[in-house]
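**Student:**
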Amino acid sequence: MDAIIRAAKTHMQYGATSILPTTLTSSKEELFCLFDQFRQAKKSMQNGPNLLGLHLEGPYFSYLQRGAQDPRYLKKPQKENYMRILELGDGIIKRWSIAPELEGALEMGRLLRNNGVVCSAGHTDATYEQMVQAAENGFTHITQLYSGMSTIVRKGGFRYAGALEAGFLIDSMSVEIIADGKHLPESLLRYVCKFKPRDQICLVTDSMRASGMPEGEYLLGSLRNGTPTIVEDGVAKMPDRSGFAGSVATANQLVRSMLQCTDLSIVEAVRMLTENPARVMNIADKKGSLNIGRDADVILFNDDISVSLVMISGRTTVEQEYKAFI
90 MDAIIRAAKT HMQYGATSIL PTTLTSSKEE LFCLFDQFRQ AKKSMQNGPN
140 LLGLHLEGPY FSYLQRGAQD PRYLKKPQKE NYMRILELGD GIIKRWSIAP
190 ELEGALEMGR LLRNNGVVCS AGHTDATYEQ MVQAAENGFT HITQLYSGMS
240 TIVRKGGFRY AGALEAGFLI DSMSVEIIAD GKHLPESLLR YVCKFKPRDQ
290 ICLVTDSMRA SGMPEGEYLL GSLRNGTPTI VEDGVAKMPD RSGFAGSVAT
340 ANQLVRSMLQ CTDLSIVEAV RMLTENPARV MNIADKKGSL NIGRDADVIL
390 FNDDISVSLV MISGRTTVEQ EYKAFI
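Position in the sequence shown (from 1) plus 89 gives the number in the working numbering.
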């Protein structure tokens, strides 16, 4: 519980007023323990950000596109298993990322939609056609575009589109990008902004526990049996440095990166971190914009996107010296 609160307050200092903590593939026992810890943290939180609920990543992912997810816990969606998770996570599971090409995934997508849980395609080796089916069966969003997903392949000389291309072609699906300036280079950040409607793009940190900490060695996931990582060059890497294992980014860093790398206006960049994700999560009537009837969650930042003031529900929770960037 304390770790959840500390992590949430750390991200609040950098501009996150509402947070959707994300799980990794793990044992059922660890997942159910997290449910209890999250509920306690949400109840105990004082002068901190809004803990909206949980985003479950896995365990229903493609082995080929698993990335840093622990392969020991990957599995196909079976109704009796995910219904048990939904039962124990009732009221706190707000989003679930799964690979739509897996047997049973489309049925799960429909069930999640009917239960008010945002269903997202992630760590997927789906073809474009399978992604179209997913969009027709409850999937409305794509997790971490470019990360852990299929793209164009050749079979017998013919080219076939994958999940990445589906992210641009399927109008009913929104996307998110890890805009830390590490996961995607400037060219790809510009590409996404050019070819996907800007009101369908969300920015996410995908941060692990090393956010706000010095570079060094950290565990991804469980402290008991998590995956070792190396944080260097401003990003978390697998031990052999063959791939990334999450980011150490903060909310304001995402906005700063988009302004530096693309032609976005500051309004467009901020909207990708506020209004757009609120709409994806179906909470735009309360979050994501400053308007009559919305929660008074307010950030004040300078020209360098350094945060000087954070207000949660109209109450100041962070106040730092304001320094104009010249």
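From the three backbone atoms N, C-alpha and C, an ideal C-beta is built for every residue, glycine too.
Excluding five sequence neighbours on each side, which residues of the same chain lie with their C-beta closer than 7 angstroms to the C-beta of residue 311?
**Tutor:** Here the set comprises 115, 119.
**Student:** How about residue 365 and residue 291: are their beta carbons less than 8 angstroms apart?
**Tutor:** Yes.
**Student:** Would you mind stating whether residue 228 and residue 205 have Cβ atoms separated by less than 8 angstroms?
**Tutor:** No, they are not a contact pair.
**Student:** Decide if residue 153 is buried, meaning its Cβ has at least 16 other Cβ atoms within 10 Å, or exposed.
**Tutor:** Classification for residue 153: exposed.
**Student:** Hey, would you say residue 210 sits closer than 8 angstroms to residue 250, going by beta carbons?
**Tutor:** For residue 210 and residue 250, no; Cβs fall outside 8 angstroms.
**Student:** Alpha carbon to alpha carbon, how far is residue 405 from residue 127?
**Tutor:** One C-alpha to the other measures close to 24 angstroms.
**Student:** Residue 322 to residue 269, Cα distance in whole Å?
**Tutor:** Each residue's alpha carbon lies about 11 angstroms from the other.
**Student:** Please list the terminal residues of the continuous alpha helix (DSSP H) segment that includes residue 212.
**Tutor:** Segment: none, residue 212 is in no alpha helix (DSSP H) and carries neither H nor E.
**Student:** Leaving out the 5 sequence neighbours to the left and right, which residues in its chain are closer than 6 angstroms to residue 237 when beta-carbon positions are compared?
**Tutor:** Once the five neighbours on either side are set aside, the close Cβ partners of residue 237 are 154, 156, 212.
**Student:** Taking the alpha-carbon positions, what's the residue 284 to residue 337 distance?
**Tutor:** Their Cα atoms are separated by approximately 27 angstroms.
**Student:** Relative to the C-alpha of residue 240, which residue among 217, 314, 300, 317 is closest?
**Tutor:** The shortest Cα separation from residue 240 among 217, 314, 300, 317 belongs to 217.
**Student:** Look up residue 319 in the DSSP assignment and give the residues it is bridged to.
**Tutor:** Partner(s): 306, 326.
**Student:** Measuring only the C-alpha atoms, how far is residue 345 from residue 143?
**Tutor:** Near 26 angstroms, if we compare the C-alpha coordinates of residue 143 and residue 345.
**Student:** State the Cα-Cα distance for the pair residue 69 and residue 147, rounded to the nearest angstrom.
**Tutor:** For residue 69 there is no data in the structure shown, the boundaries of the chain being 90 and 415.
**Student:** What's the gap between the Cα of residue 329 and the Cα of residue 178?
**Tutor:** About 35 angstroms.
**Student:** Assuming residue 184 is part of the beta strand (DSSP E), what are its boundary residues?
**Tutor:** Segment 182-187, the beta strand (DSSP E) holding residue 184.
**Student:** Can you tell me whether residue 360 is helix, strand or coil according to DSSP?
**Tutor:** The answer is helix: DSSP assigns residue 360 an H, G or I state.
**Student:** Please state the DSSP three-state secondary structure of residue 139.
**Tutor:** Strand, per DSSP.
**Student:** Under a Cβ-count criterion, where at least 16 other Cβ atoms within 10 Å of its own Cβ denotes burial, should residue 415 be classed as buried or exposed?
**Tutor:** Unreliable positioning characterises residue 415 in this predicted model, as indicated by a pLDDT of 35, which lies under 50. A coordinate reading is not provided.
**Student:** Does the count of Cβ pairs from the region 273-282 and the region 372-379 closer than 8 angstroms reach three?
**Tutor:** Result no; under three Cβ-Cβ pairs closer than 8 angstroms.
**Student:** Mapping DSSP to helix, strand and coil, what is residue 156?
**Tutor:** DSSP places residue 156 in coil when its eight states are reduced to three.
**Student:** Name the residue from 98, 93, 162 whose alpha carbon lies nearest to the alpha carbon of residue 314.
**Tutor:** Among 98, 93, 162, the Cα nearest to that of residue 314 belongs to 162.
**Student:** Which of helix, strand or coil does DSSP assign to residue 344?
**Tutor:** It is helical.
**Student:** Alpha carbon to alpha carbon, how far is residue 168 from residue 263?
**Tutor:** Their Cα atoms are separated by approximately 26 angstroms.
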